[in-house]
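*Asks:*
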Amino acid sequence: MSKIITEDRFRVIASEGLGRVSNATAHSMAWFRGQLYIGTSCGNVSGSADTPRIMRFHADSGEWETVYESPLVPVNKRSHAPDRQLVKHVKGIDLDRYQQRRGVSTDVIPRDAGFRSMCLFQGRSDPEPALYVSSMSRYGGQILRTLDGESFEPVGEPGLGNPDIYSFRGLTVLGDRLFTSPAGTTTDEWLDRNLAPEMRVYVTDDPVKGTWEIASEEGFGDPANMAIYALCTAHGMVYGGTANPERGMQIWRTRAEGKPPFVWEPVVMDGAGAFNHNLAVSAMCEFKGDLYIGGGITGLGYDTVHDIGPASAEVIRIHPDKSWDLIAGRMRFTPDGLKVPLSLLGPGLGDFYNSVVWALGVHDGAIYLGTHQWESFRSIEIDAPEIVGGYQLWASEDGENWELVIDDGHGNPAELGIRTLASTPLGLFVGTHNHKRLLQMIGRRKQAKMDFNGGFEVLLGK
Amino acid sequence: MPQPLFILCPPRSYSSIVCAMLGQHPQCYGLPELNLFLGDTLGEIWYGTVFMRSFGKHGLLRTLAELHDGEQTEDSVIRAQSWIETRLNWPIAKVFAHIQECVGERILIDKSPSTLFRQEALARVMLNFPDASLLHLTRHPRGTSESVIALREGHEGLKSLNQVLNDSDRSDPERMWRLSHELVLAMTTGLPLGRYMRLKGEWLMANLAVYLPQICDWLDIRSDADAIQAMMHPETSPYACPGPANAPRGNDPNFLENPRLDPERLARLKEPRLEGELSWNPGAHFDPRTVGLAKRLGYA
Numbered sequence: 001m002s003k004i005i006t007e008d009r010f011r012v013i014a015s016e017g018l019g020r021v022s023n024a025t026a027h028s029m030a031w032f033r034g035q036l037y038i039g040t041s042c043g044n045v046s047g048s049a050d051t052p053r054i055m056r057f058h059a060d061s062g063e064w065e066t067v068y069e070s071p072l073v074p075v076n077k078r079s080h081a082p083d084r085q086l087v088k089h090v091k092g093i094d095l096d097r098y099q100q101r102r103g104v105s106t107d108v109i110p111r112d113a114g115f116r117s118m119c120l121f122q123g124r125s126d127p128e129p130a131l132y133v134s135s136m137s138r139y140g141g142q143i144l145r146t147l148d149g150e151s152f153e154p155v156g157e158p159g160l161g162n163p164d165i166y167s168f169r170g171l172t173v174l175g176d177r178l179f180t181s182p183a184g185t186t187t188d189e190w191l192d193r194n195l196a197p198e199m200r201v202y203v204t205d206d207p208v209k210g211t212w213e214i215a216s217e218e219g220f221g222d223p224a225n226m227a228i229y230a231l232c233t234a235h236g237m238v239y240g241g242t243a244n245p246e247r248g249m250q251i252w253r254t255r256a257e258g259k260p261p262f263v264w265e266p267v268v269m270d271g272a273g274a275f276n277h278n279l280a281v282s283a284m285c286e287f288k289g290d291l292y293i294g295g296g297i298t299g300l301g302y303d304t305v306h307d308i309g310p311a312s313a314e315v316i317r318i319h320p321d322k323s324w325d326l327i328a329g330r331m332r333f334t335p336d337g338l339k340v341p342l343s344l345l346g347p348g349l350g351d352f353y354n355s356v357v358w359a360l361g362v363h364d365g366a367i368y369l370g371t372h373q374w375e376s377f378r379s380i381e382i383d384a385p386e387i388v389g390g391y392q393l394w395a396s397e398d399g400e401n402w403e404l405v406i407d408d409g410h411g412n413p414a415e416l417g418i419r420t421l422a423s424t425p426l427g428l429f430v431g432t433h434n435h436k437r438l439l440q441m442i443g444r445r446k447q448a449k450m451d452f453n454g455g456f457e458v459l460l461g462k
Numbered sequence: 001m002p003q004p005l006f007i008l009c010p011p012r013s014y015s016s017i018v019c020a021m022l023g024q025h026p027q028c029y030g031l032p033e034l035n036l037f038l039g040d041t042l043g044e045i046w047y048g049t050v051f052m053r054s055f056g057k058h059g060l061l062r063t064l065a066e067l068h069d070g071e072q073t074e075d076s077v078i079r080a081q082s083w084i085e086t087r088l089n090w091p092i093a094k095v096f097a098h099i100q101e102c103v104g105e106r107i108l109i110d111k112s113p114s115t116l117f118r119q120e121a122l123a124r125v126m127l128n129f130p131d132a133s134l135l136h137l138t139r140h141p142r143g144t145s146e147s148v149i150a151l152r153e154g155h156e157g158l159k160s161l162n163q164v165l166n167d168s169d170r171s172d173p174e175r176m177w178r179l180s181h182e183l184v185l186a187m188t189t190g191l192p193l194g195r196y197m198r199l200k201g202e203w204l205m206a207n208l209a210v211y212l213p214q215i216c217d218w219l220d221i222r223s224d225a226d227a228i229q230a231m232m233h234p235e236t237s238p239y240a241c242p243g244p245a246n247a248p249r250g251n252d253p254n255f256l257e258n259p260r261l262d263p264e265r266l267a268r269l270k271e272p273r274l275e276g277e278l279s280w281n282p283g284a285h286f287d288p289r290t291v292g293l294a295k296r297l298g299y300a
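Quick mapping for you: the protein sequence lines, in order, are chains A and B. Going by full-length UniProt numbering, the first sequence opens with residue 1, and the numbers climb by one from there. Going by full-length UniProt numbering, the second sequence opens with residue 1, and the numbers climb by one from there.
1. Taking the C-alpha atoms as reference points, what is the distance between A/GLY348 and A/SER355?
2. DSSP on B/ARG152, reduced to helix/strand/coil?
3. Kindly list the residues whose CB is nearer than 6 Å to the CB of A/GLY365, restricted to its own chain and excluding five residues on each side of it in sequence; keep chain order.
4. Kindly indicate which residue of A/LEU178, A/PRO223, A/TYR139 has the alpha-carbon position closest to the one of A/GLY184.
5. Please name the residues in the segment 319-337 of chain A whose beta-carbon is closer than 7 Å to at least one beta-carbon of chain B, in chain order.
6. Could you tell me whether the Cβ of B/GLY201 comes closer than 8 Å to any Cβ of chain A?
7. Identify the contact partners of A/ASN276 in chain B, using a Cβ-Cβ distance below 7 Å as the criterion.
8. Using CA atoms only, rank isn't needed, just tell me which of B/PRO272, B/LEU274, B/SER237 is closest to B/ARG260.
9. Output, in sequence order along the chain, the residues in the segment 344-367 of chain A whose CB is closer than 7 Å to any CB in chain B.
10. Between B/SER171 and chain A, is there a C-beta pair that is closer than 8 Å?
11. Residues of chain A with a CB under 9 Å from the CB of B/GLY143: which are they?
12. Look up A/GLY109 in the DSSP assignment and give the residues it is bridged to.
13. On the criterion of 16 or more Cβ atoms from any shown chain inside 10 Å, does A/ARG11 qualify as buried, or is it exposed?
14. My output table needs one value for A/MET199: the three-state DSSP class, helix, strand or coil.
15. Quick one: list the residues of chain A neighbouring B/ARG198, beta-carbon separation under 9 Å, in chain order.
16. Quick one: what does DSSP say A/THR371 is sitting in, helix, strand or coil?
17. From A/LEU131 to A/PRO163, what does the alpha carbon distance come to, in whole angstroms?
18. Measuring alpha carbon to alpha carbon, tell me which of A/ALA24, A/ASP8, A/ILE5, A/GLU7 ends up nearest A/ALA14.
19. Would B/LEU193 count as contacting chain A if we go by Cβ distances under 8 Å?
20. Compare the C-beta of A/GLU375 against all C-beta atoms of chain B and say whether one is closer than 8 Å.
21. Which word fits B/LYS94, buried or exposed, when buried means at least 16 other C-beta atoms lie within 10 angstroms of its C-beta?
22. Tell me the DSSP bridge mates of A/GLU286?
23. Shorter than 8 Å from the beta carbon of A/ASP222 to some beta carbon of chain B?
24. Chain A partners of B/VAL184, CB-CB under 9 Å?
25. Write down the C-beta distance between A/ASN434 and A/GLU415 rounded to the nearest angstrom, noting that I regard them as a contact closer than 8 Å.
26. Kindly indicate if chain A contains any beta-carbon less than 8 Å away from that of B/TYR211.
27. By a C-beta neighbour count over all protein chains shown, 10 Å radius and 16 as the cutoff for buried, is A/ASP148 buried or exposed?
28. Given 7 Å as the limit, tell me if B/THR138 has its C-beta closer than that to any heavy atom belonging to the ligand ATP.
29. Using the DSSP secondary-structure output, state which residues sit across from B/LEU185 in a beta bridge.
30. Output, in chain order, the set of chain B residues within a Cβ distance shorter than 9 Å of A/GLU381.
31. Am I right that A/LEU279 and A/MET249 are in contact with their C-beta atoms under 8 Å? What's the rounded C-beta distance?
Now the structure itself:
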């Protein structure tokens, strides 16, 4: 009997951003002290109504509790510096005017745009395993810690000392060490949510003391690596995946032996032979002894800054000996042999609009994969009679035969992506990303009908 | 009959030697440049373009001479010419089918760069051979362009043909490179799994032992040592030498003069860089569109 949870066994346990529709994303999730925690985010924080939160799910009552809200801080030049990717995507639309229409002109603003990554870790100063959360902030991303799930305190300086670092991603534990990498750059002039001013991995065994050490060479020694996009442990090692607009993503790994910086070895180069159309590694997870890697081009499958794409997501699988398989993507010749997609699914798992594999997770003997699918934007662009599209959830018991579990954003074409997955004793939680606000901005000029919900959703499958 | 293999690339992309190598596989037959897709019928291509009234027709003449008479001589080429002139109404697919019938159960391999001269030529390939295998062969735009310039400078016939063509798209080697590859990418989007494959010529030529077996696996033909060894001798192709006086070409003149693989030279192959001045256009650099496309194809 299949272990895969079918669509009819998923139910929505949170919708419309849990009362804040501008909270578009359930960005991170973790199971801590017997409860689910989610970190929400807002793509464009403009006032207190947008404040992202950390929320806790009470399974017995089905209710959600806010355990942390981003504090409000005075507005400064960084608060509304334009997102350089978004500005190019919505060329011709006055973003400032849109903000004013929403009645936004306050003196204070939420410090954080959201909470990007969560993990459980017990550092040297932690009396017990703590929940660590990384924030996204135009004032420098921070790492928060809680022991009881109710009191969250920052550990370390904003940006770990570099306030231009927007966030940290991939909080990852190997042994008694915690790893992370900077994500995004915040300046007075512009914001880039993905590309960081530092392309390094950091490590600590005591985050409470705020002492992080450099764990890798800058860009793993390749100046073309613009960011370390994902971190994951597998095979007793830490794997790091990069974004590289010149030659495509790279994957490196280390046993993290001795003192940092550690020795990293290359595993996959040149976008796994697809070059820069495999721009970045966006998700990784270990399943049945192999590391599964999802990639793609963030946004709508097109990197506006580097003019790359459009392209669709691919999935590869790495064995402990560094050999790799193509799971879904374009069949090709490579220095490592002929690669035929073992799932027989092409780029985007057969759907051109699946631009990124945003989430990978393992639950009860099956691997699950969540996509970012942007067909709804295309629907508006071509004046389609109906807006269609939305995220897809795929699953496999052997990593090669995949089945589509949920399609079309579970009935809401604004539900563009699955941002996070969490395997828990209660079942598999799925956190989504909703793009209704941006769809409205673009669709307003075309009088497109948008009678669907905004704000993230959380689904529970069991 | 097996489906043919079409090698798609602009001129000077290693296609002559690659076609000859693959063609020496016991289950394949490498053709010279037939240039069949410049029209819908044999008559259209035979009298339709300056290119075909010049040496563009030599490949088809040599092929028919070889297949009909078992030799390429002035007499057999004259007979091939007569054969063509009495079948000018034949659709190109029928001509191709005739060649296939002569060759038998081997995979025909065609590498005519003229297939990328115009969109309609590539469209004819797709229309007439919807199940054919397509190998998109690439080469660094700097290497391609410099090679095009060197070839033009070194061969009087090409120089004068270029003057006649007066085609700005093709006279600028960088533009020819970009338009050709853009065309292939656009026309092959969405093809079924495995029908279209892309390969950097530099990777192939510098690592024949790595890539030739992969190509065999893709085409579902033998990849044993004997088959690979046969492919290492492109010079044994009946078309790997100048033809008779009335059809001397049919392929890249440099290849016809020296069709042997030079493993030592190939092992030293180095890819040039995208940045830097263009040797054939002092003061100029690659167009950003060329750079973007080159990076997509795996060049730095």
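Think of the CB as a built atom: it goes at the ideal place given N, C-alpha and C, for glycine as much as any other residue. These numbers come from a predicted model, not from an experiment.
*Replies:* With the given structure in hand:
1. As a working mapping, residue 348 of chain A is identified with position 348 in the first sequence. As a working mapping, residue 355 of chain A is identified with position 355 in the first sequence. Straight-line Cα distance between these residues: approximately 6 Å.
2. Here residue 152 of chain B is taken as the residue at index 152 of the second sequence, counted from 1. Three-state result, B/ARG152: helix.
3. The sequence position of residue 365 of chain A within the first sequence is 365, counting from 1. Cβ within range, chain order: LYS3.
4. The sequence position of residue 184 of chain A within the first sequence is 184, counting from 1. Checking every option, the nearest Cα to that of A/GLY184 belongs to A/TYR139.
5. MET331, ARG332, PHE333, PRO335, GLY337
6. The residue labelled residue 201 of chain B in the question sits at position 201 within the second sequence. Chain A, which has no Cβ nearer than 8 Å to the Cβ of B/GLY201, makes this no.
7. As a working note, residue 276 of chain A is residue 276 in the first sequence. What A/ASN276 touches in chain B: LYS295, ARG296.
8. What you label residue 260 of chain B is simply residue 260 of the second sequence in a count that begins at 1. When only C-alpha atoms are compared, the closest one is B/SER237.
9. LEU344, GLY346
10. Working through the second sequence from its first residue, we reach residue 171 of chain B at position 171. So, not an interface residue.
11. Taking the first residue of the second sequence as 1, we reach residue 143 of chain B at position 143. Going along chain A, no residue has its Cβ under 9 Å from B/GLY143, so there is no contact; the nearest lies around 17 Å.
12. In the first sequence, counting from the first residue as 1, residue 109 of chain A sits at position 109. Note on residue identity: the sequence assigns Ile, not Gly, to residue 109 of chain A. Paired residues: A/VAL73.
13. For the purposes of this step, residue 11 of chain A is identified with residue 11 of the first sequence, where counting begins at 1. It counts as exposed.
14. By one-based count along the first sequence, residue 199 of chain A stands at place 199. In the structure shown, A/MET199 sits in coil (DSSP, three-state: anything other than H, G, I, E or B).
15. Walking along the second sequence from the start, residue 198 of chain B turns up at place 198. Near B/ARG198 (Cβ distances below 9 Å), the residues of chain A are ARG330, ARG332, PHE333.
16. For the purposes of this step, residue 371 of chain A is taken as the residue at position 371 of the first sequence. Correct three-state label for A/THR371: strand.
17. Here residue 131 of chain A corresponds to residue number 131 of the first sequence, with the count starting at 1. Here residue 163 of chain A corresponds to residue number 163 of the first sequence, with the count starting at 1. Rounded to whole angstroms, A/LEU131 to A/PRO163 spans 23 Å at the Cα level.
18. Counting from one through the first sequence, the residue named residue 14 of chain A turns up at place 14. Taking only the C-alpha atoms, the option nearest A/ALA14 is A/ALA24.
19. Here residue 193 of chain B is taken as the residue at index 193 of the second sequence, counted from 1. Taking Cβ atoms only, chain A reaches closer than 8 Å to B/LEU193, which makes this a yes.
20. Position 375 of the first sequence, counted from the start, is the residue given in the question as residue 375 of chain A. It does not: the Cβ of A/GLU375 has no partner Cβ on chain B nearer than 8 Å.
21. Translated into the one-based positions of the second sequence, residue 94 of chain B becomes position 94. Exposed, since its Cβ has fewer than 16 Cβ neighbours within 10 Å.
22. Indexing the first sequence from 1 puts residue 286 of chain A at position 286. The partner list for A/GLU286 (beta bridge, DSSP) reads A/LEU291.
23. As a first step, residue 222 of chain A is located in the first sequence; it is residue number 222 there, counting from the start. Cβ-Cβ to chain B under 8 Å: no for A/ASP222.
24. Residue numbering aside, residue 184 of chain B sits at position 184 when the second sequence is read from its first letter. Simply none; closest approach about 14 Å.
25. Along the first sequence, read from residue 1 onward, the residue named residue 434 of chain A stands at position 434. Along the first sequence, read from residue 1 onward, the residue named residue 415 of chain A stands at position 415. Confirmed, Cβ separation roughly 5 Å.
26. Walking along the second sequence from the start, residue 211 of chain B turns up at place 211. Taking Cβ atoms only, chain A reaches closer than 8 Å to B/TYR211, which makes this a yes.
27. As a first step, residue 148 of chain A is located in the first sequence; it is residue number 148 there, counting from the start. Per the 10 Å Cβ criterion, exposed.
28. Ligands in the displayed structure: none, and consequently the ligand ATP is not present.
29. As a first step, residue 185 of chain B is located in the second sequence; it is residue number 185 there, counting from the start. According to DSSP, B/LEU185 bridges with nothing at all.
30. On the first sequence, position 381 is the one that residue 381 of chain A refers to. Result: empty, since nearest Cβ-Cβ is about 18 Å, beyond 9 Å.
31. Along the first sequence, one-based indexing puts residue 279 of chain A at 279. Along the first sequence, one-based indexing puts residue 249 of chain A at 249. Yes, A/LEU279 and A/MET249 are in contact; Cβ-Cβ is about 6 Å, under 8 Å.
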